[in-house]
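K.L.:
Got a structure for you, questions after.
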Amino acid sequence: MPAIKTIKTFVLAAVFMLAAAADACAKPSVTIGLIDTFAPDFYIYTYSPTIDHLIKSLPEFDFRIVEINPERVDEDIRKFEPGFIVSSASTYVSLMESKGAHQVATREPKSSPDVSHTVASAFIVPTSSEIKELSDAKGKVVAVTSADSFPGWLIAKGELARFGNPEKFFRRVVESHHLYPDVVALIRAEAAEIGVLAACELENLIISGAVRPGEFRVLNESKSHLGCAKSTDLYPDAVFSSLPGVPSSISRKVAVALLTMPDEGQDFQWTVANDFVPTYQLLRKLEIGPFKPVSIWSLDAFLAHYRYPLLIGFLLLALWVLHSIYINWLVKKRTAQLRYALVEMERFHREAQENKIKVDSMERMSIVSQLSSMFAHEIKQPITNISYYAGSLVMFLRRKGMLEGPAKEIIDAIQSEVERSSGIIEHVRSYAKARKKTVEVCDLKDIVDRVLRYSRDIKIVSTVKKGCEIQADPFEIEFIVVNFIKNASAAASAVRRPKILIKVEEEPERWRLSVIDNGPEISDEDFLKIGQIGYSSKEDGLGWGLAIASAMAESNGGHLEFRKVKGGGLEAVLLLSKYRKE
């Protein structure tokens, strides 16, 4: 270890002397950090020439060189704030994930035509060893240069992962830390039964004479374009990367300087690698770098390690919540639309049925109107004849001296009914011929009394008093009252003690004539149909009475109202304006 420190100190001192000699004036500072996981040869034959070239090629910058401990990468980066990092491919992939590092250039040995596949590991054992395959080495002692070395151990661990947990494959791992005894010496001294070297390192030791040809053999040997024996897959070599915050102008100049670095007298060149996926997969397999499991279960560590899965989970949860809200909103909207459509459909259907009933009623009313006109026309003559016969009978009985007592009462009643019938027929004929309505001042008391005179129903009680004057057609008002009494009588006949009450109440501007019965309770459905053309609760009814009555009431400036009586019965109301003398 002291020898390595001496070499690095010499290299760094030489670099700083060149930088100081280049320019003593203040220049923009560019800090380059080296993450120390390489063998000493890397400092001498790669790192030093590269820094020397950058200082000569970019004299406008003041290069500052720092060394970053691989055990404290995050702390040293925060401490030195380097703009550029030189590291192994595995460390670069970790920094790319954690710090946003970006490749500037990657080292490519002249012996490799593919920059993305240049370094590998080789498992070596003495030629006389009983270990024939890598699987036979399980439970043995292994010698490695450094646990942080990418080709000297990490790549080898990726191969061991095929047999299970690489941490438990060997019984013990011995590190040489690039000192003596090295890996070969440890195997020779039987301190280890198997060793791990970087690919081509065994061949270089044979060339230098440090190892005899045939002294060691490679387990799971496979050939490659490197011309060296290896036991693993190939990965990219050292990476020169930049960290966020470096101005693009400086990054561009450094990249150009590296990619145009002369390779005369050098066994490498700087170029651009385009495949770090195998390195990612290796780190994932070994669970190191960005894939290192959280060992300290603090909230900060948990969030730092699982921030992306958590973010994706929260986004998915948010999307699911939004989707649920949207679906619920859409379902409510569609349900409301469907409910509204059903209500509208029901309303249209109901209106269509009502319109059909109205059209049918109008057709029947037209027919009844025609029949009524025909009946009024045809019945007028017979009624006139009855009147003549009654008059002749009066003259005959008077001549005989018999026009007295019951005979006179009967004949008077016949003549009265004939006159009343003639009046009804004339009104019907006036409607058919659209004659002008006869309007006069009349008293509701007289109209009610006249109606009761024709009625033989003793159940009727009237409280109407004199002085309820109106201006209307007395025949039509009488027709309305008669219709009220007939309907009330028919309804009250269904109870044990039928009773009908007629009364008039005074309001500020009108009279309120009511006919109240104590018949059975009416259902809401039947109550809504009262007054509709064609509807009648009586078996022999035509359903025209109240419809005609309502039309007559409106033609006289009034209207009809109906109200259910609590406990049973119905109140039919005729509202008419008071007569005001001028």
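With mature numbering (1 follows the signal peptide of the UniProt record, and there is no 0) as the guide, the letters of the sequence shown map in order to residues -26 to -1, 1 to 556.
Beta carbons are placed, not taken as given, at the ideal position from N, Cα and C, and that holds for glycine.
Please read all numbers here as calculations on a predicted model, not as lab measurements.
#1: Between A166 and the rest of its own chain, which residues show a CB-CB distance below 7 Å, the 5 nearest in sequence each way excluded?
#2: Are the segment 137 to 154 and the segment 196 to 205 touching, with three or more C-beta to C-beta distances below 8 Å?
#3: By how many angstroms is the C-alpha of L291 removed from the C-alpha of P218?
#4: In this structure, does DSSP put P33 in helix, strand or coil?
#5: Pull up the CB-CB distance for E545 and S467, whole angstroms please, since I reckon it's below 8 Å.
#6: Considering just the uninterrupted stretch of the alpha helix (DSSP H) at D417, what are its terminal residues?
#7: In whole angstroms, give me the CA-to-CA distance for K142 and R81.
#8: Excluding sequence positions up to five away, which residues of its chain have a Cβ less than 6 Å from the Cβ of A(-6)?
#9: If distances are taken between C-alpha atoms only, which option among E352, S61, V157 and E528 comes closest to A184?
#10: In the DSSP assignment, find the alpha helix (DSSP H) that holds T253 and state where it starts and stops.
#11: Any chance you could list the beta strand (DSSP E) runs of at least 3 consecutive residues sitting entirely within the segment 106 to 163, in chain order?
#12: Relative to the C-alpha of I399, which residue among E383, E352, V435 and M369 is closest?
#13: Can you tell me which of the three DSSP states R38 falls into?
#14: Please report how far the alpha carbon of G287 lies from the alpha carbon of V78, in whole angstroms.
#15: So, using beta-carbon positions, are V93 and T245 closer together than 8 Å?
#16: Thinking I434 and M526 are a contact (beta carbons under 8 Å), I'd like their distance in whole angstroms, please.
#17: Taking the C-alpha atoms as reference points, what is the distance between A173 and K204?
#18: Is the beta carbon of C416 closer than 8 Å to that of I385?
#19: Any idea if A523 is buried or exposed, counting beta-carbon neighbours within 10 angstroms, 16 or more meaning buried?
#20: Can you tell me the Cβ-Cβ gap for T65 and R191, rounded? I've got them flagged as a contact below 8 Å.
#21: Just verifying my parser: in three-state terms, what is the DSSP assignment at A546?
#22: Bridge partners for R324 per DSSP, in chain order?
#23: Can you tell me the Cα-Cα spacing of V4 and V295, whole angstroms?
#24: Hey, out of V425, P448, G239 and R394, whose CA is closest to K411's CA?
#25: A79 bridges to which residues according to DSSP?
#26: With DSSP run on the structure shown, which of helix, strand or coil describes V539?
#27: Please classify A(-3) as buried or exposed, where buried requires at least 16 neighbouring CB atoms within 10 angstroms.
#28: What does DSSP give as the partner residue(s) for D491 in the beta ladder?
#29: For the beta strand (DSSP E) containing S86, list its first residue and its last residue.
#30: Quick one: grab the DSSP three-state call for Y17.
#31: What residues in its chain sit with their C-beta under 6 Å from that of G543, if we drop five residues either side in the sequence?
P.N.:
This is what the structure gives:
#1: The residue given as residue 166 occupies position 192 in the sequence shown. Non-local beta-carbon contacts of A166 in its own chain, meaning distances under 7 Å to residues more than five positions away in sequence, involve V115, V116, A117, V148 and L160 in chain order.
#2: Because the criterion of three Cβ pairs below 8 Å is not met, the segment 137 to 154 and the segment 196 to 205 do not touch.
#3: By one-based count along the sequence shown, residue 218 stands at place 244. By one-based count along the sequence shown, residue 291 stands at place 317. Their backbone Cα atoms lie some 32 Å apart in a straight line.
#4: Counted from its first residue, the sequence shown places residue 33 at position 59. Assigned with DSSP and collapsed to three states, P33 falls in coil, not helix or strand.
#5: Position 571 of the sequence shown, counted from the start, is the residue given in the question as residue 545. Position 493 of the sequence shown, counted from the start, is the residue given in the question as residue 467. In this structure, E545 and S467 do not form a Cβ contact; the two beta carbons are roughly 17 Å apart against a cut-off of 8 Å.
#6: Taking the first residue of the sequence shown as 1, we reach residue 417 at position 443. First-last for D417: E414 to D417, but that is the beta strand (DSSP E), not the alpha helix (DSSP H).
#7: Locating residue 142 in the sequence shown gives position 168, counting from the first residue. Locating residue 81 in the sequence shown gives position 107, counting from the first residue. Spanning the two alpha carbons is a distance of roughly 33 Å.
#8: Along the sequence shown, read from residue 1 onward, the residue named residue -6 stands at position 21. For A(-6), the predicted structure reports a pLDDT of 48, less than 50, and the residue's modelled location is therefore unreliable. A value from the coordinates is still provided. Contacts found: none.
#9: Residue numbering aside, residue 184 sits at position 210 when the sequence shown is read from its first letter. Selected option, being the one with the closest Cα: V157.
#10: Sequence index remark: in the sequence shown, residue 253 carries index 279 (1-based). First-last of the alpha helix (DSSP H) with T253: V251 to L260.
#11: Scanning the segment 106 to 163 from its first residue to its last, the whole beta strand (DSSP E) runs of 3-plus residues come out as 115 to 118 and 146 to 149.
#12: What you label residue 399 is simply residue 425 of the sequence shown in a count that begins at 1. Per the C-alpha coordinates, the member of E383, E352, V435 and M369 positioned closest to I399 is E352.
#13: By one-based count along the sequence shown, residue 38 stands at place 64. Strand.
#14: Translated into positions along the sequence shown, residue 287 becomes position 313. Translated into positions along the sequence shown, residue 78 becomes position 104. The straight-line gap from Cα to Cα measures roughly 34 Å.
#15: Taking the sequence shown and counting its residues from 1, one reaches residue 93 at position 119. Taking the sequence shown and counting its residues from 1, one reaches residue 245 at position 271. Against a cut-off of 8 Å, the Cβ pair of T245 and V93 comes out as no contact.
#16: Residue 434 sits at position 460 when you count from the first residue of the sequence shown. Residue 526 sits at position 552 when you count from the first residue of the sequence shown. Not really, about 21 Å apart at Cβ, beyond 8 Å.
#17: The count along the sequence shown starts at 1 and reaches residue 173 at position 199. The count along the sequence shown starts at 1 and reaches residue 204 at position 230. Just so you know, the alpha carbons of A173 and K204 end up roughly 5 Å apart.
#18: Residue 385 sits at position 411 when you count from the first residue of the sequence shown. Residue 416 sits at position 442 when you count from the first residue of the sequence shown. Between I385 and C416, the C-beta gap is not smaller than 8 Å, which leaves the two residues out of contact.
#19: The count along the sequence shown starts at 1 and reaches residue 523 at position 549. So A523 ends up on the buried side.
#20: Taking the sequence shown and counting its residues from 1, one reaches residue 65 at position 91. Taking the sequence shown and counting its residues from 1, one reaches residue 191 at position 217. The pair is not a contact, with the Cβ atoms about 31 Å apart (cut-off 8 Å).
#21: Counted from its first residue, the sequence shown places residue 546 at position 572. Assignment of A546 by DSSP, reduced to helix, strand and coil, places it in the strand class.
#22: By one-based count along the sequence shown, residue 324 stands at place 350. Beta-bridge annotation (DSSP): R324 is not paired with any residue.
#23: One-based indexing of the sequence shown puts residue 4 at position 30. One-based indexing of the sequence shown puts residue 295 at position 321. The alpha-carbon atoms of V4 and V295 are separated by roughly 49 Å.
#24: As a working mapping, residue 411 is identified with position 437 in the sequence shown. Of V425, P448, G239 and R394, the residue nearest in Cα terms is P448.
#25: Working through the sequence shown from its first residue, we reach residue 79 at position 105. By DSSP's assignment, A79 forms a beta bridge with F214.
#26: Taking the first residue of the sequence shown as 1, we reach residue 539 at position 565. V539 carries a coil assignment under DSSP once its states are collapsed to helix, strand and coil.
#27: To locate residue -3, count along the sequence shown from 1; it is residue 24. Caution applies to A(-3), whose pLDDT of 42 falls short of 50 and renders its modelled position unreliable; the model cannot decide the point.
#28: Residue numbering aside, residue 491 sits at position 517 when the sequence shown is read from its first letter. I474.
#29: Taking the sequence shown and counting its residues from 1, one reaches residue 86 at position 112. For S86, there is no enclosing beta strand (DSSP E), as DSSP marks it with neither H nor E.
#30: For the purposes of this step, residue 17 is taken as the residue at position 43 of the sequence shown. DSSP, reduced to helix, strand and coil, places Y17 within a helical segment of the structure shown.
#31: The count along the sequence shown starts at 1 and reaches residue 543 at position 569. Residues of the same chain with a CB within less than 6 Å of the CB of G543, apart from the 5 flanking positions on each side, are D491, N492 and G493 in chain order.
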